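Everything in the sequence shown is counted per UniProt numbering, starting at 1 for the first residue and increasing by one.
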Amino acid sequence: MEKQLPFTLLTGFSLKDKGLLIKEMERNQSKKMGYVLYRPTNSKLTEKVDDLFPLTTIMGEAVHDIEINNMDDLHTLLLNEEIRNHIDEIVVDVFPLSAATLSEVWSSKLKYTKLKSHIHLVDAREFWFSYFSEHEISVQPDSNYTLGEALIYQLEAADTIVICHAESVSYEQAGAIFSFIRNLQPQSAVITFEEFLRFNENRNAAYRIDSVSSLFDDQINLFESRSKLVMLGHYGIDTYVYKSKYPIDLSHLERLFEQFPNEVFRMKGRCYNPGSEELYEISQIGASIRLHTFHMPSWSSDVFSEFLFIGEELDRNDIQKKIEACLRTTVTS
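Below, the structure written as structure tokens:
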């Protein structure tokens, strides 16, 4: 049987922090590791002059064995027989952007490789600035993301999230970041840089390929499992789920987006329209809101509108009223 070459996907904006992590991984590994910087040439970064997130923080020293600039060359490298015979594991550092489905695409295309882990690094000092940043990354002519969107798409696809420089912010600030991220990715390990060095030594579990597609359900289940509990230690980070048996009116929902509550940091929605047989998937990150429409002839659930809100001290009654004003049939509480 052909040997499966394990590889780890490494994402996050700071090349400096990822470089430090790679050096520590190399120092603590008995296996022969290969380190690849995947910097796609079709990615372009557009700076917004008045943005508070300094782009200098994402730069750093390259500590990789090789730089690859397109997917075909990366595939060729990972399937190279000589490399496979001399390397025990490959770490692919993606900079600056990884699509949320990248892990799924690679796992399906790379027959003789096995995705071991997707590690995402977060700088605690710059987290909120990067989250609300509107610097833009263009991946293809028709695919533009704010830096905040890129951050969350990478983070939500990761199975291990490493918080760097947590000691450089206050206890409350670090607590809010950890709480927010654990609500975003309830199935991931969320740990400090120092904890990762101990955690990674004994890590053998393989990456769950279905983790991205099941994330919305995981987030909903997390909220519902503790909705009747008094939760401590959330540092003001709140989660609210709204469900209805009525479909949404998109025109009303679009007006709601124009006056979206500032305390909502992340919103996801899944709404089905039985009349048009369409499924709407809605995503809000900071000031960016996206809606994707899919044709779906049948719908088995009795819930037609479902929303998840994550933010700071949410006004649940206000959010409920705003959503119910968008339903096709008036809902009374």
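For each residue, glycine too, the CB sits at the ideal point set by N, CA and C.
The structure displayed is predicted, hence computed values, not measured ones.
Measure how close the beta-carbons of residue i and residue j come, nearest whole angstrom, since I'm counting them as under 8 Å.
| i | j | result |
| --- | --- | --- |
| Leu184 | Ile310 | 7 Å |
| Ile323 | Pro261 | So it is not a contact: roughly 11 Å between Cβ atoms. |
| Tyr235 | Gly175 | 4 Å |
| Ile137 | Leu256 | Not a contact, Cβ separation roughly 27 Å. |
| Glu149 | Ser288 | 5 Å |
Go through its chain and collect everything with a Cβ distance to residue i's Cβ below 8 Å, but skip five positions before and after it.
| i | result |
| --- | --- |
| Lys321 | none |
| Met33 | Met25, Glu26, Ile87, Asp88, Glu89, Ile90 and Val91 |
| residue 365 | Since the displayed the chain opens at 1 and closes at 333, residue 365 lies outside it and no answer follows. |
| Val303 | Lys243, Ser244 and Lys245 |
| Ser301 | Tyr272 |
Between which two residues does the beta strand (DSSP E) carrying residue i extend?
| i | result |
| --- | --- |
| Arg266 | Val264 to Asn273 |
| Asn144 | Ser143 to Thr146 |
| Thr46 | Lys44 to Thr46 |
| His64 | Element bounds for His64: n/a, residue is neither H nor E. |
| Thr239 | Ile237 to Ser244 |
| Lys116 | Thr113 to Asp123 |
| Arg290 | Ser288 to His295 |
| Gly34 | Met33 to Tyr38 |
| Ala189 | Ala189 to Thr192 |
| Phe307 | Ser305 to Glu312 |
Output needed for residue i: all residues of its chain with C-beta closer than 6 Å, excluding positions within five of it in sequence on either side, in chain order.
| i | result |
| --- | --- |
| Val241 | Ile220, Phe223 and Leu308 |
| Tyr35 | Ile22, His64, Asp65 and Val91 |
| Gly269 | Ile282 and Phe307 |
| Leu253 | Cys326 |
If you draw a straight line from the alpha carbon of residue i to that of residue j, how long is it in whole angstroms?
| i | j | result |
| --- | --- | --- |
| Glu306 | Leu77 | 43 Å |
| Gln4 | Glu277 | 42 Å |
| Asp273 | Tyr280 | First, the amino acid is wrong: residue 273 is Asn here, not Asp. Approximately 8 Å between the Cα atoms of the pair. |
| Asp50 | Ser133 | 10 Å |
| Leu232 | Tyr38 | With a pLDDT of 46 at Leu232, under the threshold of 50, the modelled position of this residue cannot be trusted, and the question is left open. |
| Ser143 | Leu151 | 15 Å |
| Tyr145 | Phe127 | 17 Å |
| Leu20 | Gln284 | 32 Å |
| Ile68 | His75 | 10 Å |
| Asn42 | Val139 | 6 Å |
| Asp249 | Arg290 | 16 Å |
| Leu155 | Thr293 | 24 Å |
| Val230 | Thr113 | For Val230, the predicted structure reports a pLDDT of 49, less than 50, and the residue's modelled location is therefore unreliable. The matter cannot be settled from this model. |
| Phe193 | Asn80 | 32 Å |
| Met71 | Ser117 | 19 Å |
| Arg266 | Asn85 | 44 Å |
| Asp17 | Leu121 | 8 Å |
| Tyr171 | Glu82 | 48 Å |
| Asn317 | Val190 | 31 Å |
Starting from the C-beta of residue i, find all residues in its chain whose C-beta is less than 7 Å away, skip the five residues before and the five after it, and write them out in chain order.
| i | result |
| --- | --- |
| His165 | Asp123, Ala124 and Arg125 |
| Ser188 | Ala158, Asp159, Thr160 and Ile161 |
| His295 | Glu277 and Glu278 |
| Glu313 | Gly236, Asp238 and Glu263 |
| Trp299 | Tyr272 and Pro274 |
Along the chain, where does the alpha helix (DSSP H) containing residue i start, and where does it finish?
| i | result |
| --- | --- |
| Tyr280 | Taken as a continuous stretch (DSSP letters only), Tyr280 belongs to no alpha helix (DSSP H), being part of the beta strand (DSSP E) at Glu278 to Ile285. |
| Thr76 | Met71 to Leu78 |
Is the shortest distance between the beta-carbon of residue i and the beta-carbons of chain C less than 8 Å?
| i | result |
| --- | --- |
| Glu81 | The question asks about chain C, but that chain is absent: this structure has only one protein chain. |
Quiz item: So does the region 8-22 actually touch the region 168-179, counting three or more Cβ pairs closer than 8 Å?
Solution: By the C-beta criterion, the region 8-22 is judged not to be in contact with the region 168-179, since fewer than 3 inter-stretch pairs fall below 8 Å.
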